[in-house]
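Colleague: Numbering-wise (UniProt numbering), the sequence shown opens with residue 1 and increments by one.
Virtual Cβ for every residue (Gly too), placed ideally from N, Cα, C.
This is the structure I want to talk about, given as structure tokens.
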Amino acid sequence: MIALKAAAHLEPLGVLPTGARDRRWLDNPAITDKLWPATVETFEMTLISGALAVLLGLLLGLALVTTGKRGQHSNRVVYEVLSQVVNIGRSLPFIILMVAILPLTRIIAGSSLGWQAACVPLTVGAIPFYARLVETAVNNVEAGKVEAALMMGASGNQITWGVLVREALPTLIQSATVTLITLLGYSAMAGAVGGGGLGDLAVQYGFQRNQIDVMIVTVVLIVLIVGIIQLAGDMLSRLVDHR
1 MIALKAAAHL EPLGVLPTGA RDRRWLDNPA ITDKLWPATV ETFEMTLISG
51 ALAVLLGLLL GLALVTTGKR GQHSNRVVYE VLSQVVNIGR SLPFIILMVA
101 ILPLTRIIAG SSLGWQAACV PLTVGAIPFY ARLVETAVNN VEAGKVEAAL
151 MMGASGNQIT WGVLVREALP TLIQSATVTL ITLLGYSAMA GAVGGGGLGD
201 LAVQYGFQRN QIDVMIVTVV LIVLIVGIIQ LAGDMLSRLV DHR
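Below is the structure:
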């Protein structure tokens, strides 16, 4: 079903030959008219799903920490259940995840096509990914700092947010940066099956119509966006690092 809908969305299937009179680069309507909207869609997919994944992944990661062996509310059964959910979520290839949760996508977004629909599997796929990174980062906080907070009478919430999250914040930001970059790659994959964005543009025009200029521009643009996200993440991580 998803293949049929994607086929209807992607215009003619197959690679079309190029001709000498085909317009290229700045004369190509695919670049002058469609590149900017596709870029905006990619940003919307990445930032919205990234924000939701970081928020929900942080909560899930902290739940793993607090129910783990060193946690304040250690519970082996709860931890194992949460850990297995995270493992299953991380092990599913993104394209399979997109198909598997199509009913959920239709309920939330009202459609299985478009960048709004793509945000659903992007978020679901990134939550367990970021949650495991959160667990690793928080577990690396020195135990002595937690013990010192306990001796001073800190509550559970104060220890979680005032000690664990605060001390792990630079690493959490770096992990969020990795998650956003991963989502950017997933968004291009979602575009290939009707999710919109730069991936959709690259498939429709760069591949199906054999417009190499469109393919080059989209690849370069994605590389630039990755560089900007990485630079911003590194700067923010250094800014909050007071160790």
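Using only the alpha-carbon positions, how far apart do residue 33 and residue 102 sit?
Modeller: By one-based count along the sequence shown, residue 33 stands at place 33. By one-based count along the sequence shown, residue 102 stands at place 102. Going by the C-alpha atoms only, they are around 30 Å apart.
Colleague: Pair every Cβ in the region 169-187 with every Cβ in the region 64-76, then say whether three or more of these pairs are closer than 8 Å.
Modeller: Because the criterion of three Cβ pairs below 8 Å is not met, the region 169-187 and the region 64-76 do not touch.
Colleague: Cα separation between residue 36 and residue 201?
Modeller: Looking up residue 36 in the sequence shown gives position 36. Looking up residue 201 in the sequence shown gives position 201. Going by the C-alpha atoms only, they are around 10 Å apart.
Colleague: Quick one: what's got a C-beta closer than 6 Å to residue 42's C-beta in the same chain, skipping five residues either side?
Modeller: Taking the sequence shown and counting its residues from 1, one reaches residue 42 at position 42. Closer than 6 Å at Cβ, skipping near neighbours: 187, 197, 198.
Colleague: Roughly how far, in whole angstroms, is the beta-carbon of residue 233 from the beta-carbon of residue 177, given that I think they are within contact range, below 8 Å?
Modeller: By one-based count along the sequence shown, residue 233 stands at place 233. By one-based count along the sequence shown, residue 177 stands at place 177. At roughly 3 Å, the Cβ-Cβ gap stays under 8 Å, so residue 233 and residue 177 are in contact.
Colleague: Quick check on this structure: which residue in 127, 164, 82 has the alpha carbon closest to the alpha carbon of residue 48?
Modeller: Taking the first residue of the sequence shown as position 1, residue 48 is located at position 48. Residue 48 has its Cα closest to that of 127, out of 127, 164, 82.
Colleague: When we look at the beta-carbon of residue 111 and count the other beta-carbons within 10 Å, is it buried (16 or more) or exposed?
Modeller: Taking the first residue of the sequence shown as position 1, residue 111 is located at position 111. Burial call: exposed.
Colleague: Taking the beta carbon of residue 155 as the centre, do at least 16 other beta carbons fall within 10 Å, making it buried, or is it exposed?
Modeller: Working through the sequence shown from its first residue, we reach residue 155 at position 155. The residue in question, residue 155, is exposed, as its Cβ has fewer than 16 Cβ neighbours within 10 Å.
Colleague: Hey, residue 64 and residue 83: beta-carbon distance below 9 Å or not?
Modeller: Indexing the sequence shown from 1 puts residue 64 at position 64. Indexing the sequence shown from 1 puts residue 83 at position 83. Closer than 9 Å, so yes.
Colleague: Are the Cβ atoms of residue 218 and residue 227 separated by less than 9 Å?
Modeller: Against the sequence shown, residue 218 aligns to sequence position 218. Against the sequence shown, residue 227 aligns to sequence position 227. Cβ distance not < 9 Å, so residue 218 and residue 227 don't count as in contact.
Colleague: Would you mind listing the alpha helix (DSSP H) stretches within the region 150-235 that are 4+ residues and don't spill past its ends, in chain order?
Modeller: Entirely contained in the region 150-235, the alpha helix (DSSP H) runs reaching 4 residues are, in chain order, 166-190, 197-201.
Colleague: Taking the alpha-carbon positions, what's the residue 98 to residue 38 distance?
Modeller: Residue numbering aside, residue 98 sits at position 98 when the sequence shown is read from its first letter. Residue numbering aside, residue 38 sits at position 38 when the sequence shown is read from its first letter. Taking the straight line joining both Cα atoms gives about 20 Å.
Colleague: So the candidates are 86, 79, 122, 80; which of them puts its Cα closest to the Cα of residue 51?
Modeller: Counted from its first residue, the sequence shown places residue 51 at position 51. Closest option to residue 51, Cα to Cα, is 122.
Colleague: Buried or exposed, going by whether 16 or more other CB atoms sit within 10 Å of the CB of residue 132?
Modeller: For the purposes of this step, residue 132 is taken as residue 132 along the sequence shown, with counting starting at 1. Classification of residue 132: buried, given that the 10 Å Cβ count is 16 or more.
Colleague: Under the rule that 16 or more other beta-carbon atoms within 10 Å means buried, what is residue 104, buried or exposed?
Modeller: Counting from 1 along the sequence shown, the entry for residue 104 is found at position 104. Its Cβ having fewer than 16 others within 10 Å, residue 104 is exposed.
Colleague: In the DSSP assignment, find the unbroken alpha helix (DSSP H) run with residue 101 in it and report its ends.
Modeller: Taking the sequence shown and counting its residues from 1, one reaches residue 101 at position 101. Taken as a continuous stretch (DSSP letters only), residue 101 belongs to no alpha helix (DSSP H), as it is neither H nor E.
Colleague: With H, G and I counted as helix, E and B as strand and the rest as coil, what does DSSP make of residue 70?
Modeller: Looking up residue 70 in the sequence shown gives position 70. Three-state result, residue 70: coil.
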